[in-house]
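Student: Residue numbers (our numbering): 9 to 127.
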Amino acid sequence: YGWNQWKKISSLFFRKTPTFCMKRWWSWVNPDVKKSKWNIMEDKKLNLIHMNIIFRFNMIFFILNRNSPQCLFRFRFIQIARKIFNNQKSKMKKLFFGLNSFAFNSCSNQVIVFYEKTL
């Protein structure tokens, strides 16, 4: 049907517009869209890109080769995990207040390693 011939493609489907077909292709059907697990490097890229392109997940898609709902969901997940991690760290400070700095640092390093493994 050719490149960007969404009107012809939509004529094959009942009640589907050319815009719907185009969005469906770019979001889900396109074989270039990654559907595998996220890794730490992609998380770091997502955070870095988000600082420059705030809440434009449809643009972030082209950089990470993931669809915009995936990027949005992962970004929200990272935000929640970071809040939980910061709460746990503050609780640990209160819990280990009487310990020396070496003991506290070794415990907080274990929490950081656990946090990175969960992402």
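In this text, a Cβ means the ideal position worked out from N, Cα and C, and glycines have one as well.
Whole angstroms is fine: what's the gap from N55's alpha carbon to T27's?
Tutor: 30 Å
Student: Should K43 and L72 be called a contact, given that it needs their Cβ atoms to be closer than 8 Å?
Tutor: No, the pair does not count as a contact, with Cβ atoms beyond the cut-off.
Student: Since D51 is in the alpha helix (DSSP H), which residue starts that stretch and which ends it?
Tutor: In this chain, the alpha helix (DSSP H) harbouring D51 covers 48-60.
Student: Can you tell me the Cβ-Cβ gap for V37 and R74, rounded? I've got them flagged as a contact below 8 Å.
Tutor: Not quite, the Cβ-Cβ distance comes to about 14 Å (not below 8 Å), so this is no contact.
Student: Can you tell me whether I68 is buried or exposed, with buried defined as 16 or more other CB within 10 angstroms of its CB?
Tutor: buried
Student: Please state whether DSSP places F81 in a helix, a strand or coil.
Tutor: DSSP places F81 in the helix class (H, G or I) of the three-state scheme.
Student: Under three-state DSSP, which class holds K97?
Tutor: helix
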